[in-house]
Amino acid sequence: METIVKPDPVRRGARMPDYAAACRTFSWAEARAQMSGLPDGRGLNIAHEAVDRHAETRGTAVALRILGRDGATTDITYADLRRRTSRFANALGMLGVTRGERVFTLLPRTLDLYVAALGTLKAGCVLSPLFSAFGPEPVAERLRLGEGCVLVTTPRLYERRVRPVRDGLPALRHVLLTGDPAAGPDDGDEGFSSLAHLLEAADDAFAIPPTDPEDTALLHFTSGTTGRPKGAVHVHEAVVAHHATATAALDLGADDVFWCTADPGWVTGTSYGIVAPLTHGATLLVDEGDFDAERWYRVLADQRVTVWYTAPTALRMLLRHGTDAAARHDLSALRHVASVGEPLNAEVVRWSAEALGTPVHDNWWQTETGAIMISNFAAEDIRPGSMGRPLPGIEAAVLERGPDGRALRVDGGVREVVDPGTDGELALRVGWPSLFRGYLDQEERYAASFADGWYLTGDVVRRDADGWFWFAGRADDVIKTAGHLVGPFEVESVLMAHPAVAEAAVIGKPDPVAGELVKAFVTLRPGWEPDAALHDELLGFARRRLGSVAPKELTVDPHLPHTRSGKILRRLLKARELGLPEGDLSTVETS
Ligand code: ATP
Ligand code: MG
Numbered sequence: 238m239e240t241i242v243k244p245d246p247v248r249r250g251a252r253m254p255d256y257a258a259a260c261r262t263f264s265w266a267e268a269r270a271q272m273s274g275l276p277d278g279r280g281l282n283i284a285h286e287a288v289d290r291h292a293e294t295r296g297t298a299v300a301l302r303i304l305g306r307d308g309a310t311t312d313i314t315y316a317d318l319r320r321r322t323s324r325f326a327n328a329l330g331m332l333g334v335t336r337g338e339r340v341f342t343l344l345p346r347t348l349d350l351y352v353a354a355l356g357t358l359k360a361g362c363v364l365s366p367l368f369s370a371f372g373p374e375p376v377a378e379r380l381r382l383g384e385g386c387v388l389v390t391t392p393r394l395y396e397r398r399v400r401p402v403r404d405g406l407p408a409l410r411h412v413l414l415t416g417d418p419a420a421g422p423d424d425g426d427e428g429f430s431s432l433a434h435l436l437e438a439a440d441d442a443f444a445i446p447p448t449d450p451e452d453t454a455l456l457h458f459t460s461g462t463t464g465r466p467k468g469a470v471h472v473h474e475a476v477v478a479h480h481a482t483a484t485a486a487l488d489l490g491a492d493d494v495f496w497c498t499a500d501p502g503w504v505t506g507t508s509y510g511i512v513a514p515l516t517h518g519a520t521l522l523v524d525e526g527d528f529d530a531e532r533w534y535r536v537l538a539d540q541r542v543t544v545w546y547t548a549p550t551a552l553r554m555l556l557r558h559g560t561d562a563a564a565r566h567d568l569s570a571l572r573h574v575a576s577v578g579e580p581l582n583a584e585v586v587r588w589s590a591e592a593l594g595t596p597v598h599d600n601w602w603q604t605e606t607g608a609i610m611i612s613n614f615a616a617e618d619i620r621p622g623s624m625g626r627p628l629p630g631i632e633a634a635v636l637e638r639g640p641d642g643r644a645l646r647v648d649g650g651v652r653e654v655v656d657p658g659t660d661g662e663l664a665l666r667v668g669w670p671s672l673f674r675g676y677l678d679q680e681e682r683y684a685a686s687f688a689d690g691w692y693l694t695g696d697v698v699r700r701d702a703d704g705w706f707w708f709a710g711r712a713d714d715v716i717k718t719a720g721h722l723v724g725p726f727e728v729e730s731v732l733m734a735h736p737a738v739a740e741a742a743v744i745g746k747p748d749p750v751a752g753e754l755v756k757a758f759v760t761l762r763p764g765w766e767p768d769a770a771l772h773d774e775l776l777g778f779a780r781r782r783l784g785s786v787a788p789k790e791l792t793v794d795p796h797l798p799h800t801r802s803g804k805i806l807r808r809l810l811k812a813r814e815l816g817l818p819e820g821d822l823s824t825v826e827t828s
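Our numbering puts the first residue of the sequence shown at 238, with every later residue one more than the last.
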């Protein structure tokens, strides 16, 4: 078994030095007791844990360091963030917005977004952050589904994304526009208010109302990788898991400079891009810019980032950029790097150990789970290509599955796979605080996600004899070829091991003999030509390593389709290949 052995200094500094001991001693009740709770036993509120709690004790510490598009750096202390978020909560009150009502944001990653998000949670309203690059239809669909009554956005985004669909949004009472009030419409016109005017008029002090840990806090839409995005409902108690999992899986603490590259429009960008680093009292780096390999290395080096949370696509782009680029920057502060969202190919883990000075730690979770569930840990050796082991407090299982890839119902229940190495549906024992409490408007679908006390994830995995989990694919993407079940990830990882391949996606294509044949799409690294010789070489390379489950067809594609959260859209490749309708495209990356 290939492992990357972690150097000693990392082991010594790790916040969870002994995985086995942590699993034995961990309890969610104790994790809950680590939260401060609202004063006078008034409950548990995410924004209190993230902001007010620290404003009392270490108000001068930097909560947010914002790297502006214009090159300016702005530091916001915890005390300052408390004042600003309190003003926002008061502003909602001034507008007559009440507890439980839904506040949407459609904002780029600027200070306004963080203030609105945390201010909304303080007020006891439900936050639903939308990705700012969504077009009018995805915005309208989510606002409609979520019955948003407040939208915080920029004048430009409003004109382009919201005005065309505003008539279809009767529940939307208030639109709060950021930026210069003089440039926008008058307050009150068509429900518009200038955010700046509201914050100016609002009081600095706000007492968070009693918050039941089961009060709804967040409404998060899934990435839409397998179809129409689903709205997952999360409660305030989730903060217990945000906090505890950040210690265990991200090795995060108060003295860290933490950078999460995910946008808060995706769950990672909220759970770990807003909440968890602040509950720890760390400094959260907010980068307003887009992906650019050189600039990202500069941010890591200049800001002395200690813990970095990113995604496989971004890492693959850095890899494509070459190892020399990393070597030109001083990454010595970087202690821990983690990745989520898609399978992380072993190739990328090996590359990062050399290029970044620390291997990337893969971890697995979903919008529905609210927090990291399975991870490679800071103090433990890494098995490249494995998503790791369940976090302390999390019980994971592999369930026997039927031909559709989903858990087989046996006498109304389910059964665990006995043999290590046999794949099945990944399931998690219900009982951790950040598990979603519902899908918006889809009660049946929610109910169907549970069986025998397990939450069924829809992902196909195997567990090795030592308890490490290996991702095979989504149940929807698993390929049946000549009697074999093939997880696309395994085939993609083999292709990625060829020096010409930067990214790979594999689908099943109907075939009269094999049932399905494996078809691969690859993007090449710079300097390689997509000629017939390379085509044959790649197929041969895969055949030698994979045997009968190797791809039979291969296409070089300079732009594999991705979701905006960075995931390869195999369903779209398949629809295009088969000439079928392309389905819901609301989250497809277009630029
Ligand atoms: P939808 O549910 O709308 O189809 P989605 O599942 O991509 O979209 P998310 O909740 O953002 O929406 O993503 C969770 C999924 O991402 C997981 O179920 C899994 O398929 C994939 N994933 C996340 N992390 C990993 C990982 N480390 N390795 C492999 N797959 C991962
Ligand atoms: Mg999903």
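For every residue, glycine included, the Cβ atom is placed at its ideal position computed from N, Cα and C.
> Can we count residue 695 as close to the ligand MG, meaning its CB is less than 7 Å from some heavy atom?
Replying inline: yes
>> Could you give the first and the last residue of the continuous beta strand (DSSP E) run that contains residue 790?
In response: 790-793
> What residues match up with residue 448 in a beta bridge as DSSP calls it?
Replying inline: 280
> Mind checking residue 603: buried by the 16 CB within 10 Å criterion, or exposed?
Replying inline: buried
> Should residue 305 and residue 311 be called a contact, given that it needs their Cβ atoms to be closer than 8 Å?
Replying inline: yes
>> So the candidates are 238, 264, 250; which of them puts its Cα closest to the Cα of residue 629?
In response: 264
> Would the beta-carbon of residue 710 fall within 8 Å of that of residue 720?
Replying inline: no
> Does the distance from the CB of residue 360 to the CB of residue 329 come in under 8 Å?
Replying inline: yes
> How about residue 558 and residue 590: are their beta carbons less than 8 Å apart?
Replying inline: no
> Where does residue 511 fall in DSSP's three states?
Replying inline: helix
> Which whole runs of the beta strand (DSSP E) in the region 498-577 are 3 residues long or more, in chain order?
Replying inline: 520-524, 544-547, 573-576
> In the DSSP assignment, what residue or residues form a beta bridge with residue 709?
Replying inline: Paired residues: none, contrary to the question.
> With a cut-off of 8 Å, do at least 3 Cβ pairs link the region 637-649 to the region 531-545?
Replying inline: no
>> If you reduce the DSSP assignment to three classes, tell me which class residue 408 lands in.
In response: coil
> In whole angstroms, what is the alpha-carbon distance linking residue 582 and residue 309?
Replying inline: 36 Å
> Is it the case that the CB of residue 603 approaches a heavy atom of the ligand MG more closely than 7 Å?
Replying inline: yes
>> Using CA atoms only, rank isn't needed, just tell me which of 633, 293, 621 is closest to residue 704.
In response: 633
>> Going by C-alpha to C-alpha distance, which of 477, 553, 618 sits closest to residue 592?
In response: 553
>> the ligand ATP and residue 580: does the residue's C-beta get closer than 7 Å to at least one heavy atom of that ligand?
In response: yes
>> I'd like to check one pair, residue 788 with residue 738: are the Cβ atoms closer than 8 Å?
In response: no
>> If you measure between the beta carbons of residue 618 and residue 663, is that distance less than 8 Å?
In response: no
> Can you round the beta-carbon distance between residue 817 and residue 805 to whole angstroms, since I take them to be within the 8 Å contact cut?
Replying inline: Not really, about 18 Å apart at Cβ, beyond 8 Å.
> Taking just the CA atoms, how far does residue 430 sit from residue 469?
Replying inline: 29 Å
> If residue 683 sits next to residue 665, beta carbons under 8 Å apart, how far is it from one beta carbon to the other, in whole angstroms?
Replying inline: In fact, because the Cβ distance is near 15 Å, the residues do not count as touching under 8 Å.
> CA-CA distance, residue 340 and residue 412?
Replying inline: 10 Å
>> If I follow the unbroken alpha helix (DSSP H) through residue 745, where does it start and stop?
In response: That residue, residue 745, is in no alpha helix (DSSP H); its beta strand (DSSP E) goes 738-748.
> Would you call residue 647 buried or exposed, if buried means 16 or more other Cβ atoms sit within 10 Å of its Cβ?
Replying inline: exposed
> What does residue 696 pair with, by DSSP beta-bridge criteria?
Replying inline: 711
>> Below 8 Å, how does it come out for the region 447-458 and the region 280-291: are there three or more Cβ pairs, yes or no?
In response: yes
> Can you tell me the Cα-Cα spacing of residue 376 and residue 580, whole angstroms?
Replying inline: 28 Å
> If you scan the region 288-350 from start to end, which runs of the alpha helix (DSSP H) of 4 or more residues do you find wholly inside it?
Replying inline: 290-295, 315-331
> Going along the chain, which residues of its own chain have a beta-carbon closer than 7 Å to the beta-carbon of residue 424, five neighbours each way excluded?
Replying inline: 430, 431, 434
> So does residue 467 have its beta carbon nearer than 7 Å to some heavy atom of the ligand ATP?
Replying inline: yes
>> Is there a Cβ of chain D sitting closer than 8 Å to that of residue 540, yes or no?
In response: Going by chain labels, chain D is absent from the structure shown, which holds only one protein chain.
> Does the beta-carbon of residue 458 have 16 or more other beta-carbons within 10 angstroms, so that it is buried, or is it exposed?
Replying inline: buried
>> Please state whether the Cβ-Cβ distance between residue 536 and residue 351 is less than 8 Å.
In response: no
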